[in-house]
Amino acid sequence: MKTFCGRANPTTGSLEWLEEGEDYDYHQEIARSRYADMLHDKDRNVKYYQGIHAAVSRVKERGEKAIVLDIGTGTGLLSMMAASAGADFCYAIEVFKPMANAAVNIVEKNGFSDKIKVINKHSTEVTVGPDGDMQCRANILVTELFDTELIGEGALPTYEHAHKYLVQEGCEAVPHRATVYVQLVESKRMWSWNKLFPVHVEAEDGEKIIVPPSEMENCPGIPSVCDIQLNQMPTSDFTVLSDVVTMFSVDFSKPVQSASTYYRVQLEPVKSGKAQIVLSWWDIDMDPSGQINCTMAPYWAKPTSTLQWRDHWMQCVYFLPNEEPVLQGEKLFLTACRDEYSVWYKLQKAREEENKADVRVGSPVCRCRAHLLWNRPRFGELNDQNRTHQYIKSLRKVLKTDSVCLCISDGSLLPVLAHYLGAKQVQYFFFEANHLEDKIKIIEARPELLKPSHLEDKKISVLVGEPFFTTSLLPWHNLYFWYARTAVSSHLASNVTVLPQSASLHMMIVEFQDLWRIRSPCGTCEGFDVRTMDDMIKDSLNFRESKEAEPHPLWEYPCKSLSDPQEVLTFDFTKTVPQHGLSTEGSVNLLRKGRSHGAVLWMEYHLAADTSISTGLMQISNEKGNCEWNPHCKQAVYFFSSVIESETLSDPTAVTYAINFDTKTGEIAMDFKL
Numbered sequence: 001m002k003t004f005c006g007r008a009n010p011t012t013g014s015l016e017w018l019e020e021g022e023d024y025d026y027h028q029e030i031a032r033s034r035y036a037d038m039l040h041d042k043d044r045n046v047k048y049y050q051g052i053h054a055a056v057s058r059v060k061e062r063g064e065k066a067i068v069l070d071i072g073t074g075t076g077l078l079s080m081m082a083a084s085a086g087a088d089f090c091y092a093i094e095v096f097k098p099m100a101n102a103a104v105n106i107v108e109k110n111g112f113s114d115k116i117k118v119i120n121k122h123s124t125e126v127t128v129g130p131d132g133d134m135q136c137r138a139n140i141l142v143t144e145l146f147d148t149e150l151i152g153e154g155a156l157p158t159y160e161h162a163h164k165y166l167v168q169e170g171c172e173a174v175p176h177r178a179t180v181y182v183q184l185v186e187s188k189r190m191w192s193w194n195k196l197f198p199v200h201v202e203a204e205d206g207e208k209i210i211v212p213p214s215e216m217e218n219c220p221g222i223p224s225v226c227d228i229q230l231n232q233m234p235t236s237d238f239t240v241l242s243d244v245v246t247m248f249s250v251d252f253s254k255p256v257q258s259a260s261t262y263y264r265v266q267l268e269p270v271k272s273g274k275a276q277i278v279l280s281w282w283d284i285d286m287d288p289s290g291q292i293n294c295t296m297a298p299y300w301a302k303p304t305s306t307l308q309w310r311d312h313w314m315q316c317v318y319f320l321p322n323e324e325p326v327l328q329g330e331k332l333f334l335t336a337c338r339d340e341y342s343v344w345y346k347l348q349k350a351r352e353e354e355n356k357a358d359v360r361v362g363s364p365v366c367r368c369r370a371h372l373l374w375n376r377p378r379f380g381e382l383n384d385q386n387r388t389h390q391y392i393k394s395l396r397k398v399l400k401t402d403s404v405c406l407c408i409s410d411g412s413l414l415p416v417l418a419h420y421l422g423a424k425q426v427q428y429f430f431f432e433a434n435h436l437e438d439k440i441k442i443i444e445a446r447p448e449l450l451k452p453s454h455l456e457d458k459k460i461s462v463l464v465g466e467p468f469f470t471t472s473l474l475p476w477h478n479l480y481f482w483y484a485r486t487a488v489s490s491h492l493a494s495n496v497t498v499l500p501q502s503a504s505l506h507m508m509i510v511e512f513q514d515l516w517r518i519r520s521p522c523g524t525c526e527g528f529d530v531r532t533m534d535d536m537i538k539d540s541l542n543f544r545e546s547k548e549a550e551p552h553p554l555w556e557y558p559c560k561s562l563s564d565p566q567e568v569l570t571f572d573f574t575k576t577v578p579q580h581g582l583s584t585e586g587s588v589n590l591l592r593k594g595r596s597h598g599a600v601l602w603m604e605y606h607l608a609a610d611t612s613i614s615t616g617l618m619q620i621s622n623e624k625g626n627c628e629w630n631p632h633c634k635q636a637v638y639f640f641s642s643v644i645e646s647e648t649l650s651d652p653t654a655v656t657y658a659i660n661f662d663t664k665t666g667e668i669a670m671d672f673k674l
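674 is the number that UniProt numbering gives the last residue of the sequence shown; the numbers go up by one with no jumps.
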């Protein structure tokens, strides 16, 4: 059966109806899943195995049969660990049908079909009894239902239901408990992901300051956690204001409550500063004594333990509703509020704490709309003063007092900058604090529906864009600017200035320190054959006729360059989008030893002959080839299906490429041969 899926094309802006097979959603789910990353997480797997072995032994020592309930079994790995540790029987629950089918296959391949029953249901639909899915309640509960925030995948309601209906009272649980830790910090860098800073503009008549409106300044933001690889954040980018403290624990061997609640701890700052951010992570004890521990602690919190790289569990950044000045040694109370799926924080001084009625804080709701329009990296980008200065410098060169300026970008500061630098007309949502409602006009129409009356019958003399669009996932999706520029070409003056004047696509071959694991086959995991899963992921990645690049914020994923960066395609915004496609072929030489995991691609926008903005590589920082990436953008990563090892460079190795930009669909197809 075929399904027609409607989607807005992020590059061309047109609405398309695509015919997709019934397996399309399933392939997307598998291809972008984190199963491979979890199977490569040696620390997690070893600790689970140890914890399961210990739990089975404790039950056997009591003279009982070991009956295991494994919720969210995935590949069936934890159930196979239990069976090989001596469990009498395992019920493995998996709601995602293709995954449940794979688990059946993997369990059979490893010879455990007589000990493990895979149940393709949500755990809340599982029945117990002689005619039920489970013959009896289990006495060992094994789960891996956690995300970076611990509770974001619904672990609490799942545990709550399991204790009521599926497991015995006093059961063993693996993991036995989870503990959430917090640390209060000041960080201009992280705070810039949540608030808009004032912008200074040197204009003809002196310095102007663009101030965010008060409703944006006082907005608590949105409740969703900001999860990042905190191990890539240098200590120079934040100031520690408190010790690491335990915020709360959950004992999974006892009945769990999922109802909204709060926890609070007393803190004494170890340093005076501005409390802005709560950093948080968790660990899990696989056994009651806490001997088998798996931690997400970042490098400065656990300097003695070797860090296990993982992408399925990271660390959390929470933004306090407002910046709070704190003094070393003063008494503070930090409150963590949670519902079933998320956590948020509030900081109070001891004197405020006496007013107990104020303890429960509702989930933050964005009132200024900016947090709904801009994600965290976008806030960071708008607060990047060097980047803003490049635009100011370029705008100053092209704007005149009679300029009619049209801006095509989502939620951009360019209209305000253009006005302060002397132009006449533009679009935005954020003028009230800057008293520009009458100076900047918002045009509520798609570019192809622009009429002369929108422009008061004037021709556009300056067309500007960053370009940035909220619908963009891959770097080249912002080429929508080119399509919009083409759509409005009849409204442009003959001597129009387009800024940026052009863009280019760049590419480089890299070796990843760790990111390669998310696409690398696992083969065997702790002695169990999981190749069925490898094949599933491979089939889903090859589901499309051409392999696709995928977006990743590479500042979080260290890599080294094995080739020089290379410009592969250029896009001339001074002309309309051509009817014919743009394509290029070539080869790139590998200059350093290493494993070629893939190619990274990014865009550069050329504002003027001497001014460019890169969305990717900022610099190669040393002879080893370590790369610095634009921290506000995701780069495109094309993983090679086979890795080449260049241990010696005696015979120069080259990677050949073919890249094609289809101007009809706005899509870029690429192929690499090693």
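No residue lacks a Cβ here, since even glycine has one placed at the ideal position from N, Cα and C. Quantities reported herein were computed from a predicted structural model and do not represent experimental measurements.
For a cut-off of 8 Å, the C-beta gap from residue 587 to residue 655 is around 7 Å, short enough to register as a contact. The C-alpha of residue 559 is placed about 30 Å away from the C-alpha of residue 608. Beta-carbon to beta-carbon, residue 178 and residue 284 are separated by about 5 Å, close enough to satisfy the 8 Å threshold. Going by C-alpha positions, residue 33 is about 11 Å away from residue 74.
When the Cα atoms are used, residue 631 and residue 377 turn out to be separated by approximately 8 Å. When beta bridges are read from the DSSP output, residue 347 appears opposite 334.
Setting aside the 5 residues that flank it on each side, residue 512 is surrounded in the same chain by 559, 597, each with a C-beta closer than 6 Å to its C-beta; the list follows chain order. Residue 242 sits close to residue 184, with the two beta carbons spaced by under 7 Å. Between the alpha carbons of residue 234 and residue 372 lies a distance of about 28 Å. By the criterion of a C-beta distance shorter than 8 Å, residue 320 is surrounded in its chain by 275, 276, 277, 278, 345, 346, 347, once the five residues flanking it on both sides are discounted. Taking the CA atoms as reference points, residue 338 sits about 38 Å from residue 86.
Beta-bridge partners assigned by DSSP to residue 70: 92, 142. Note that the region 305 to 318 touches the region 222 to 232; at least 3 beta-carbon pairs, one per stretch, sit closer than 8 Å. Shown here, residue 278 sits in a strand according to DSSP, grouped into three states. When the five nearest sequence neighbours on each side are left out, the beta carbons in the same chain lying within less than 8 Å of the beta carbon of residue 536 are those of 30, 98, 102, in order along the chain.
In this chain, the beta strand (DSSP E) harbouring residue 463 covers 460 to 464. The region 517 to 527 makes contact with the region 45 to 61: 3 or more CB pairs, one atom from each, lie closer than 8 Å. Residue 248 is a Cβ neighbour of residue 180, given a cutoff of 7 Å.
Of the candidates 76, 561, 142, the residue whose Cα lies closest to the Cα of residue 53 is 142. For the options 406, 502, 487, 257, the alpha carbon positioned closest to that of residue 460 is the one of 406.
Nearest to residue 579 by alpha-carbon distance, out of 149, 49, 672, 665, is 665. Under the three-state reduction of DSSP, residue 597 is assigned to strand. A check of alpha carbon separations from residue 236 across 508, 422, 189 identifies 189 as the nearest. At the C-beta level, residue 638 and residue 577 stay beyond 7 Å of one another. Taking residue 176 as reference, the option from 207, 192, 159 with the minimal CA-CA separation is 159.
In the DSSP assignment, residue 637 forms a beta bridge with 550, 600.
Secondary structure note for residue 165: it is in no beta strand (DSSP E), and the uninterrupted alpha helix (DSSP H) holding it is 155 to 165. Annotation: the region 526 to 587 contains the following complete segments of the alpha helix (DSSP H) (minimum length 4 residues), in chain order: 531 to 541. At least 7 Å separates the beta-carbon of residue 80 from that of residue 120.
Taking all protein chains in view, the Cβ of residue 336 is crowded by 16 or more other Cβ atoms within 10 Å, so the residue is classified as buried. Per DSSP, residue 325 is one residue of the beta strand (DSSP E) stretching across 315 to 326. Restricting attention to 667, 640, 403, 625, the CA atom closest to the CA of residue 674 is found in 640.
In this structure, DSSP gives residue 301 a state outside helix and strand, which the three-state scheme calls coil. Beta-bridge partners of residue 619 (DSSP): 628. The C-beta distance from residue 636 to residue 549 rounds to 4 Å, short enough to fall under 8 Å. About 6 Å separates the beta carbon of residue 89 from that of residue 115, a gap short enough to meet the 8 Å contact definition.
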